[in-house]
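Here's the structure, in structure tokens; my notes come after.
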């Protein structure tokens, strides 16, 4: 497994957007993304300027059914 990238929430949402995900809504400090063909919803916490921790990033990738190299 490749090393997880260090990303802020904004960078992660941009990279997920390039893979077809769109922000469907925001509530409080979270953005909810969906994909037109993949089931489910992904929730990304929005904390400006903070790097998303490796455990949370791994959980988000698992929700999206992605591998870390797909974010590169």
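In our numbering, the protein residues as written are 5 to 76.
Heads up, the beta-carbon is just placed ideally off N, CA and C, and yes, glycines get one too.
Quickly, what does DSSP pair residue i with across the bridge? List them, please.
i          : result
residue 34 : 31, 49
If you draw a straight line from the alpha carbon of residue i to that of residue j, how long is it in whole angstroms?
i          : j          : result
residue 25 : residue 13 : 14 Å
residue 73 : residue 52 : 24 Å
residue 18 : residue 58 : 18 Å
residue 15 : residue 29 : 17 Å
residue 42 : residue 35 : 17 Å
residue 39 : residue 70 : 12 Å
residue 65 : residue 44 : 13 Å
residue 31 : residue 48 : 11 Å
Where does residue i land, buried or exposed, given buried means 16+ other C-beta within 10 angstroms?
i          : result
residue 37 : buried
residue 23 : exposed
residue 55 : exposed
How close, in whole Å, do the beta carbons of residue i and residue j come, if the pair is a contact with beta carbons under 8 Å?
i          : j         : result
residue 60 : residue 9 : Contact doesn't hold; Cβ gap of about 13 Å is too wide.
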